[in-house]
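A.B. asks: Sharing a structure, written as structure tokens. Questions coming.
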Ligand code: UD1
Ligand code: CA
């Protein structure tokens, strides 16, 4: 179920697209669902901002059902009648509870089958059950459930119940659709509550049972920004634990932001205040120093990222050294053992094996070979105001400091470019290119000027 608006978030974005652990809440729930059943058997009920929600998770290969008007969780399942009524077992997951694990959903499914129940709900004991539906058990013992009472409808005695409805259910699909039309909107929200199916089935003498989660943390919903913050913290800390278990050292994990899908190799050290985002993969034996923000990038083994390095959509070869304060923009490919240093910005470049650009440069739209030395302050002038042009620098080239390379231009293998050159024409292999005005010296000029000045003021 992912059709709701999420009114309590006060957001223009649909609730299920808010991110936790660096990806939409709904994407977490779908990831769990497809571990339990194949994607072609997963139906996501969308409604509010349906097109945006679909687009965000389309790549998962699941199906979609449209609930054009959102008239409650029961109504959501009514909208899915055609898609679901043929199934012997229908598992219902709340699209706003991202911590649920496949193991728990499987337990719910197995318990349902074992009990030969018509409806099974996953419940949990919460210290603070406020806001959740409460589980009214049938008798003091046993697994059967009489009804679920929503917060707003609960009387004082019911509000004291700590066993809550998690919003995850297993149904007999045939029975669900035989009886679902018995739901009514006679409640404080004027909605069709899926939770009322418990009482509907009770009246029809069908078996309704509940199974309690071992870890109540798994079922927490994200109805408010405060709840989202807590879920995010939980998920990220769990991610750090997973990495620690896999042999990664993380100092002060509470200060790091590591997204759910990030991978890190053993013996890599992550310093405080590092962000590893999106689909980033870091190799083994790397050191990622503080204040680095790395998104959707792949780093080989033994890479050193010095403080304050920003990187997006880049690939870094083994043993490379980056930073401090390097900015690698999308399409930067840094070769094995290469160096990108202080205040160097790169975009859409290939920097060959062992090449170095250590200080204060802009390198964009460039193909740079192996063993190249890019002097401090070198700039590729890649943009003429309309089009982008390419700079090619072949193996073993030495570019003197403060050179400007006006693209399109090519520097041949092994050539030298003298410091402070403005290069507008191709340089052949093994040549030396000067592209600067010749220095002229006027001996004694400064002294003469000072003396003339003194004379004037006398
Ligand atoms: C629901 C349960 C409550 C339970 C809680 C657990 C009901 C009536 N109540 O309350 O017993 O304790 O979950 O988290 O079901 N949705 C739709 N279409 C709609 C309405 C909602 O698809 O018309 C989706 C939402 O996008 C959301 C999910 O259903 O992903 C749950 O809806 P929400 O409004 O968050 O229900 P709760 O108030 O949390
Ligand atoms: Ca909810």
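Numbering (this note's numbering), first residue to last: 90 to 547.
Don't be surprised by glycine CBs; every beta carbon is placed ideally from N, CA and C.
Identify, in the order they occur along the chain, each residue of the same chain with its Cβ nearer than 7 Å to the Cβ of residue 333, setting aside the five sequence neighbours on each side.
C.D. replies: Around residue 333: 339.
A.B. asks: Excluding the 5 residues flanking residue 435 on each side, which residues of the same chain have their C-beta closer than 6 Å to its C-beta?
C.D. replies: 417, 421 and 452
A.B. asks: Can you look up residue 104 in the DSSP assignment and give me helix, strand or coil?
C.D. replies: helix
A.B. asks: Three-state secondary structure (DSSP) at residue 334?
C.D. replies: helix
A.B. asks: Below 8 Å on the Cβ atoms is my contact criterion, and I expect residue 386 with residue 401 to pass it. Report the Cβ-Cβ distance as a whole number of Å.
C.D. replies: 7 Å
A.B. asks: CA-CA distance, residue 126 and residue 191?
C.D. replies: 10 Å
A.B. asks: At a cut-off of 6 Å, would you count residue 244 as near ligand 1, judging by its Cβ distance to the nearest heavy atom?
C.D. replies: no
A.B. asks: Please indicate yes or no: does the CB of residue 161 lie closer than 6 Å to some heavy atom of ligand 2?
C.D. replies: no
A.B. asks: Going by the C-beta, is residue 321 closer than 6 Å to any heavy atom of ligand 2?
C.D. replies: no
A.B. asks: Short check: CB of residue 131 to CB of residue 145, under 7 Å?
C.D. replies: no
A.B. asks: Does the Cβ-Cβ distance between residue 450 and residue 467 come in under 7 Å?
C.D. replies: yes
A.B. asks: What residues in its chain sit with their C-beta under 8 Å from that of residue 460, if we drop five residues either side in the sequence?
C.D. replies: 441, 442, 443, 444, 484 and 485
A.B. asks: Decide yes or no for the touch test of the region 191-202 against the region 288-307: beta carbon pairs closer than 8 Å, at least 3 of them.
C.D. replies: yes
A.B. asks: The alpha helix (DSSP H) spanning residue 162 covers which residue range?
C.D. replies: 162-168
A.B. asks: Sorry if obvious, but does the Cβ on residue 306 come closer than 6 Å to a heavy atom of ligand 2?
C.D. replies: no
A.B. asks: Applying the 10 Å Cβ sphere with the 16-neighbour rule, what's the burial state of residue 388?
C.D. replies: Looking at its Cβ environment, which holds 16 or more other Cβ atoms inside 10 Å, residue 388 is buried.
A.B. asks: Mind checking whether the beta-carbon of residue 254 lies closer than 6 Å to any heavy atom of ligand 1?
C.D. replies: Of the heavy atoms belonging to ligand 1, at least one sits nearer than 6 Å to the Cβ of residue 254.
A.B. asks: Rounded to whole angstroms, what is the Cα-Cα separation between residue 546 and residue 539?
C.D. replies: 11 Å
A.B. asks: Taking its Cβ as the centre, do 16 or more other Cβ atoms sit within 10 Å of residue 96, making it buried, or is it exposed?
C.D. replies: exposed
A.B. asks: Which same chain residues end up closer than 8 Å to residue 352 when comparing Cβ atoms and leaving out the 5 residues on each side of it in sequence?
C.D. replies: 369, 370 and 371
A.B. asks: Thinking C-beta only, is residue 210 closer than 7 Å to residue 276?
C.D. replies: no
A.B. asks: List the DSSP bridge partners of residue 487.
C.D. replies: For residue 487, which the question treats as bridged, DSSP gives the partners 462 and 505.
A.B. asks: By a C-beta neighbour count over all protein chains shown, 10 Å radius and 16 as the cutoff for buried, is residue 156 buried or exposed?
C.D. replies: buried
A.B. asks: Along the chain, where does the beta strand (DSSP E) that runs through residue 211 open and close?
C.D. replies: 208-214
A.B. asks: Tell me, please, which residues DSSP counts as bridged to residue 258.
C.D. replies: Per DSSP, 181 and 210.
A.B. asks: Assign residue 493 to one of three DSSP states: helix, strand, or coil.
C.D. replies: strand
A.B. asks: For residue 251, decide whether its Cβ has a neighbour in chain D, counting only Cβ atoms nearer than 7 Å.
C.D. replies: Note that chain D does not occur in the displayed structure, where there is just one protein chain.
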